[in-house]
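Report on one structure; see the data block that follows.
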Amino acid sequence: MNMEIEEVMSCQALPLLSLNHVSLLVKDVWDSKRFYEDVLGFCLVKRPSSFNFHGAWLYNYGIGIHLLENKAIEDLDINDEPRPINPKDNHICFQCTDVDNLVKRRLDEMGIRYVIALVEEEGIKVDQVFLHDPDGYMIEMCNCDNIPIVAISSSCHFIKPNKFGTYNDNIMMPIATPTYSCGFMETLMMENLSMDMLNFSF
Numbered sequence: 478m479n480m481e482i483e484e485v486m487s488c489q490a491l492p493l494l495s496l497n498h499v500s501l502l503v504k505d506v507w508d509s510k511r512f513y514e515d516v517l518g519f520c521l522v523k524r525p526s527s528f529n530f531h532g533a534w535l536y537n538y539g540i541g542i543h544l545l546e547n548k549a550i551e552d553l554d555i556n557d558e559p560r561p562i563n564p565k566d567n568h569i570c571f572q573c574t575d576v577d578n579l580v581k582r583r584l585d586e587m588g589i590r591y592v593i594a595l596v597e598e599e600g601i602k603v604d605q606v607f608l609h610d611p612d613g614y615m616i617e618m619c620n621c622d623n624i625p626i627v628a629i630s631s632s633c634h635f636i637k638p639n640k641f642g643t644y645n646d647n648i649m650m651p652i653a654t655p656t657y658s659c660g661f662m663e664t665l666m667m668e669n670l671s672m673d674m675l676n677f678s679f
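Residue numbers for the sequence shown follow the numbering used here, so the first one is 478 and each next one is one higher.
This is how it looks when you write it as structure tokens:
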């Protein structure tokens, strides 16, 4: 008996708006909070009082960092030697305007270890700085928007979404849920690229 299986593929994406937050398990909320405030410029924001575990919420640059304290992580530490900074490790990346000067100088002043990398594509250069937070999570800072976003898949259509929301007391209030195939960031980047090309042509 032959059975035909038809594979149904849908290019309709979920109604996602943006990256809301990154949640990290940490050994010490105070140490991690201080790192994200002092080094990366995040601000402490109100956390729901109904949580029955220790943690902290921070926010800036349109993204949240949620810290969850887990003392059990200390049991996994075999030694206090800092592990090598590997740019190929899992990491969070922040877009930055002046990686080569301001970022490196600030990290040097604070005595924070980091490694640098340079990506070059068709004459376009991207500077990268990689470092660890107090729990060894990888952080990257780069000027990655130097490289234009070009869709490879023909099924990915850049559709301008509706309004995303408004800020009210540092809280994002959704207005409407957009319907689109690709993320709003891709749409925004393509619009900016188009405007840059127009400005360049005149």
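By construction, the Cβ of each residue, glycine as well, lies at the ideal position given by its N, Cα and C atoms.
Assigned with DSSP and collapsed to three states, Asp575 falls in coil, not helix or strand.
With fewer than 16 neighbouring CB atoms inside 10 Å of its own CB, Asp585 falls in the exposed class. For Glu617, no alpha helix (DSSP H) encloses it; the enclosing beta strand (DSSP E) starts and ends at 615-619. With respect to Arg590, His609 sits close: the two C-beta atoms are nearer than 9 Å. Beta bridge pairing from DSSP links Asn537 with Ile540. The residue from Cys619, Arg560, Pro625, Pro525 with its alpha-carbon nearest to that of Pro611 is Arg560.
Counting only the Cα atoms, Ile629 lies some 38 Å from Ser509.
A residue is called buried once 16 or more other Cβ atoms fall within 10 Å of its Cβ, and Gln489, having fewer, is exposed.
In the three-state DSSP reduction, Leu496 falls in the coil class, being neither helix nor strand.
In the structure shown, Asp604 adopts extended strand secondary structure according to DSSP, grouped into three states. Lys504 and Val516 have their C-alpha atoms roughly 18 Å apart.
Membership of Glu514 in any beta strand (DSSP E) is not indicated; the residue belongs instead to the alpha helix (DSSP H) covering 506-515.
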